[in-house]
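Engineer:
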Amino acid sequence: MAVSAERLPDFLRGLPKAELHIHIEGSLEPELIFAMAERNQVALAYPDVASLRAAYAFSDLQSFLDIYYAGASVLLTEADFFDMAWAYFLRAKADNILHSELFFDPQTHTARGVPMATVIDGLRRACDRAQIELGVRAELILCFLRHLSEEDALATYEEARPHRGKFIGVGLDSSEVGHPPEKFARVFAQARKDGLRAVAHAGEEGPPAYIWSALDVLKAERIDHGVQALRDPALVKRLAEEGVPLTVCPLSNIKLCVFKTLAEHNLRALLDAGLIATVNSDDPAYFGGYLNQNFLETFDALGLDASHAATLARNSFNASFASAAQKRDDLDRLDAYLDQAGVR
Ligand SMILES: [Zn+2]
């Protein structure tokens, strides 16, 4: 192996990569939550940064979502959405992310009276500036909250529709179990008809059946998480044959108790099964780390090496919704990095 165990952490840090599963509201650090609460005069249920951080001990997805929605309540103005995304892009740049696709949850904000344009314009402005000033390419994917009704999702989509030049796709997130993808068949069909890309969270806590219906009913082009796929050999065969990417989030899976420890995580098994797995940070402010931290801890726990890193980085670019020319650029930069490190 061309990269020694000692050099592997630096190799992982410098690796050019794409991030395809990051909820921008989940990048809101406690310090920024408190700063925004103060400038917007929003009352928080926690007296200070330390007590908010201390509350980040989750037992499952729902216990996390309760705190996540409380944190998002400080976001009111276009500047808030810009500042939140900009803070993420600085981290993305530091982690050598060349291309990022950010999920955002408009219903979390419009339900509090924040206009759709405020949300989308603030985020889009940060994306455009990240490209120019940081060289981090960024796109937005509008996610529907699956614990709400499809009628709510349809109304949200109608509100967002005039802005659809500013986001590239739709996704599905929030509480998975009891809210199967097929609940959102109509709104996804409409978005696809409008030329948007489709992704969906499936198989995080939910059963393999949700991955099947995300593919068959929603026509999802990527599965977010998907780690439960290994429970269903026929599904694994299909995902491999069709080359459906999985956006895996290792530290998130540990924090939300999908796996007990990182050493028990199935990322290596997913790769060994021939699946197009990628590594992502999900909600980094809440789950203990941004993208490089996910790489470092997961590689250490699973004993992965530089060839796995090359595969994961290549997967991340190939699985992205970048144009063919952009993907070529990204893959060229990856290849140059690998050549220099003697990995190939
Ligand atoms: Zn997620």
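For the sequence shown, UniProt numbering gives the first residue as 1, with consecutive numbering after it. Glycine included, C-beta positions come from ideal geometry on N, C-alpha and C. In this text the structure is predicted, and so the values were computed from the model without any measurement.
1. Return the chain-ordered list of same chain residues with a C-beta closer than 6 Å to the C-beta of Ala191, the five sequence neighbours on each side being excluded.
2. Classify Pro30: buried if its beta carbon has 16 or more other beta carbons within 10 angstroms, exposed otherwise.
3. Note down, in chain order, each residue of its chain lying with its Cβ closer than 7 Å to the Cβ of Pro245, except the 5 sequence neighbours on either side.
4. Candidates Leu148, Pro115, Phe287: which alpha carbon is nearest Tyr56's?
5. Does the distance between the C-beta of Ser252 and the nearest non-hydrogen atom of ligand 1 fall short of 8 Å?
6. Helix, strand or coil, according to DSSP, for Lys17 in the structure here?
7. Does the Cβ of residue 357 have 16 or more other Cβ atoms within 10 Å, making it buried, or fewer, making it exposed?
8. Considering only C-alpha positions, which residue in the set Leu12, Phe58, Val119 is nearest to Asn294?
9. Which two residues bound the contiguous alpha helix (DSSP H) that contains His109?
10. Taking just the CA atoms, how far does Val199 sit from Arg161?
11. Three or more C-beta pairs under 8 Å: does that hold for the stretch 23-39 against the stretch 88-104?
12. Could you tell me whether the stretch 295-310 touches the stretch 248-268, where touching means 3 or more Cβ pairs closer than 8 Å?
13. Going along the chain, which unbroken runs of the alpha helix (DSSP H) with 4 or more residues stay wholly within the stretch 256-311?
14. Phe103: beta carbon under 8 Å from a heavy atom of ligand 1?
15. Per DSSP, which residues does Ala319 bridge with? Please list them.
16. Could you pull the start and end residues of the beta strand (DSSP E) that Pro245 belongs to?
Structural biologist: In short:
1. Here the question's residue 191 lines up with position 191 in the sequence shown. Val170, listed in sequence order.
2. Here the question's residue 30 lines up with position 30 in the sequence shown. With 16 or more Cβ atoms within 10 Å of its Cβ, Pro30 is classed as buried.
3. Working through the sequence shown from its first residue, we reach residue 245 at position 245. Same-chain partners within the cutoff: Arg222, Ile276, Thr278, Asn315, Ala319.
4. For the purposes of this step, residue 56 is taken as the residue at position 56 of the sequence shown. Tyr56 has its Cα closest to that of Phe287, out of Leu148, Pro115, Phe287.
5. Here the question's residue 252 lines up with position 252 in the sequence shown. Yes, the beta carbon of Ser252 sits closer than 8 Å to at least one heavy atom of ligand 1.
6. By one-based count along the sequence shown, residue 17 stands at place 17. Three-state DSSP puts Lys17 in a strand.
7. Outside the modelled stretch of the chain, which goes from 1 to 344, sits residue 357, for which no answer is possible.
8. Here the question's residue 294 lines up with position 294 in the sequence shown. The residue with the shortest Cα to Cα distance from Asn294 is Leu12.
9. Translated into the one-based positions of the sequence shown, residue 109 becomes position 109. Looking at the DSSP string, the run of the alpha helix (DSSP H) that includes His109 is 106-110.
10. Residue mapping note: residue 161 aligns to position 161 of the sequence shown, counting from 1. Residue mapping note: residue 199 aligns to position 199 of the sequence shown, counting from 1. Near 17 Å, if we compare the C-alpha coordinates of Val199 and Arg161.
11. yes
12. yes
13. 267-272, 284-287, 291-302
14. Reading the sequence shown from its first residue, position 103 is the one you call residue 103. Yes, the beta carbon of Phe103 sits closer than 8 Å to at least one heavy atom of ligand 1.
15. Residue mapping note: residue 319 aligns to position 319 of the sequence shown, counting from 1. DSSP output for Ala319 lists no bridge partner at all.
16. To locate residue 245, count along the sequence shown from 1; it is residue 245. 245-248 is the extent of the beta strand (DSSP E) around Pro245.
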